[in-house]
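S.K.:
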Amino acid sequence: MPHPPAHRARTAIIGTGAIAHAHAEALRVLADRAELVAVVDVDVDRARAFAAQFGAATVYENAGQLLAHERLDLVHVCTPPQTHAPLAIQTLHAGVPVLVEKPTALSLREMDEIIAASDATRVPALTVFQHRFGAAAQRLRGLVAQGALGRPLVATCETLWHRTADYFDLPWRGRWDIEGGGPTMGHGIHQFDLLLAVLGPWRRVSAFAARQVLPTDTEDVSTAVVEFTSGALATVVNSIVSPRETSRLRFDFEYASVEVEHLYGYTDADWRFTPAAGHEALAALWEGPAAAHPSGHRDQLAAILDALADGRVPAVDAHEARRTLEFAAATYASAFRGEIVHAGDIAGSHPFASSMHGGAVPWQPHKEIVR
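In my numbering, the protein residues as written are -16 to 354.
1. Which whole runs of the beta strand (DSSP E) in the region 239 to 311 are 3 residues long or more, in chain order?
2. Run through DSSP, which three-state label would Pro366 get?
3. When you compare the CB positions of Phe112 and Asp176, do they come within less than 8 angstroms of one another, or not?
4. Please look up how many angstroms separate the CB atoms of Leu232 and Leu182, rounded, as I've assumed it's under 8 angstroms.
5. Give the straight-line distance between the Cα atoms of Ala21 and Ala1, rounded to the nearest whole angstrom.
6. Below 8 angstroms between beta carbons: does that hold for Ala301 and Ile329?
7. Between Pro80, Gly(-2), Cys61 and Tyr43, which lies nearest to Ala292 when the distance is taken from Cα to Cα?
8. Going by DSSP, which residues form a beta bridge with Phe236?
9. Restricting to Cα atoms, I'd like to know which of Pro334, Ala285 and Val241 is closest to Leu136.
10. CA-CA distance, Leu49 and Arg(-7)?
11. Out of Ala298, Leu288, Ala17 and Tyr249, point me to the one whose CA is closest to Ala275's CA.
12. Do Glu228 and His145 have their C-beta atoms within less than 8 angstroms of each other?
13. Would you kindly work out how many angstroms separate the C-alpha atoms of Arg31 and Glu44, rounded to a whole number?
14. Quick one: using the 10 Å Cβ neighbour count with 16 as the cut-off for buried, is Asp235 buried or exposed?
15. Could you have a look at Thr74 and say whether DSSP puts it in helix, strand or coil?
16. Distance, Cα to Cα, Met(-16) vs Gly321?
17. Within the same chain, show all residues whose beta-carbon is closer than 7 angstroms to that of Gly78, passing over the 5 residues directly before and after it, in chain order.
18. Would you identify the three-state DSSP class for Pro345, choosing helix, strand or coil?
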């Protein structure tokens, strides 16, 4: 059971754009356990408005000022993706645990730099993968770990969202050099992170990607077929060109099918558990306390606070987040090279280790690609 810490955790948010509000709202819900003491943004007026809205006492113009003047237990990085790795590393070297919005880094090479800094300082670097922490997902992972559902056989993972051209008016969206990729990196990553968390290590992937209609440098849809080390097979679709929006996951095990359909966060009501014939008694194992709120930042933040209070490394740490980022890199490498990619292939001087595009985007000549 969660327990009150000896003191309220002192937290700060770097970047006060849209996603920062989800972090601040989570902190407000958990106000008995954590307080937002400071915010940072290059747009000082926006930072002041954000601080006033969420009760932060101090505003800073940059991370250096924040880390020099505040005693902190956790820093939330909510800036555009190209700044994630430098800010995470700076925070780690200041001795403060850091929670980074997805994607943690723009490449596996950057991710390895974060891991190296975390290992050297012995300070946790964490990634926001909040869908792992909803009550139903936790229950499912427990049943899988126990072997109660039998061997995993097949799964589907779909992020079918819709974005119009004006969504990309922000200068950092849809660009390899700033966002790192399209829906594979910025949208579907939450769903396939949960897929990987349930099914475990993947062995190989074969993928396609396309820029169908949107005015981006990156893809607006990708599809992949994945084989896991368990032998399970899965399909993964990441789209931002789908007018009827939904997020779906389905897992078929030997003894049951487990499904969820939601959009940006699920409750227990969004899940369906179907036991196979002769295994109806499993339905009782699925029953559990119903979560009243959708899966989101508050669940992961509560788990982080529990772990920090207990002296444990919280989830999802940089080593684990790297496996999800590696899957994204493998999706791009397979799609752009037209080949099957195995886990561990993308390493060293591999072109997709230093960037998600690997200099091989079919619709964009290499000379036009930044990075």
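Quick reminder that beta carbons are idealized off the backbone N, C-alpha and C, glycines included.
Nothing here was measured: the structure is a model prediction, and the numbers come from that model.
M.R.: From the atom records:
1. If we require 3 residues or more, the beta strand (DSSP E) runs fully inside the region 239 to 311 come out as 239 to 245 and 254 to 258.
2. Outside the shown range of the chain, which is -16 to 354, sits residue 366, and nothing can be said about it.
3. As a working note, residue 112 is residue 129 in the sequence shown. As a working note, residue 176 is residue 193 in the sequence shown. Yes, the pair counts as a contact, with Cβ atoms nearer than the cut-off.
4. Sequence index remark: in the sequence shown, residue 232 carries index 249 (1-based). Sequence index remark: in the sequence shown, residue 182 carries index 199 (1-based). About 10 angstroms; that fails the 8 angstroms criterion.
5. For the purposes of this step, residue 21 is identified with residue 38 of the sequence shown, where counting begins at 1. For the purposes of this step, residue 1 is identified with residue 18 of the sequence shown, where counting begins at 1. Going by the C-alpha atoms only, they are around 17 angstroms apart.
6. Numbered from its first residue, the sequence shown carries residue 301 at position 318. Numbered from its first residue, the sequence shown carries residue 329 at position 346. In this structure, Ile329 does not lie closer than 8 angstroms to Ala301 by Cβ.
7. To locate residue 292, count along the sequence shown from 1; it is residue 309. The shortest C-alpha separation from Ala292 is found at Pro80.
8. Start at 1 with the first residue of the sequence shown, and residue 236 comes out as number 253. Phe236 is bridged to Pro135.
9. Here residue 136 refers to the residue found at position 153 of the sequence shown. The candidate whose alpha carbon is nearest that of Leu136 is Val241.
10. In the sequence shown, counting from the first residue as 1, residue 49 sits at position 66. In the sequence shown, counting from the first residue as 1, residue -7 sits at position 10. Going by the C-alpha atoms only, they are around 12 angstroms apart.
11. The count along the sequence shown starts at 1 and reaches residue 275 at position 292. Nearest of Ala298, Leu288, Ala17 and Tyr249 to Ala275, Cα basis: Tyr249.
12. For this step, residue 228 is matched to residue 245 along the sequence shown. For this step, residue 145 is matched to residue 162 along the sequence shown. Against a cut-off of 8 angstroms, the Cβ pair of His145 and Glu228 comes out as a contact.
13. Your numbering for residue 31 matches position 48 in the sequence shown. Your numbering for residue 44 matches position 61 in the sequence shown. Arg31 and Glu44: Cα-Cα distance of roughly 10 angstroms.
14. As a first step, residue 235 must be located in the sequence shown, where it is residue number 252. With 16 or more Cβ atoms within 10 Å of its Cβ, Asp235 is classed as buried.
15. Taking the sequence shown and counting its residues from 1, one reaches residue 74 at position 91. It is helical.
16. Against the sequence shown, residue -16 aligns to sequence position 1. Against the sequence shown, residue 321 aligns to sequence position 338. For Met(-16), the predicted structure reports a pLDDT of 42, less than 50, and the residue's modelled location is therefore unreliable. A value from the coordinates is still provided. When rounded, the distance between both Cα atoms is 48 angstroms.
17. Counting from 1 along the sequence shown, the entry for residue 78 is found at position 95. The residues are Thr104 and Val106.
18. Walking along the sequence shown from the start, residue 345 turns up at place 362. Coil, per DSSP.
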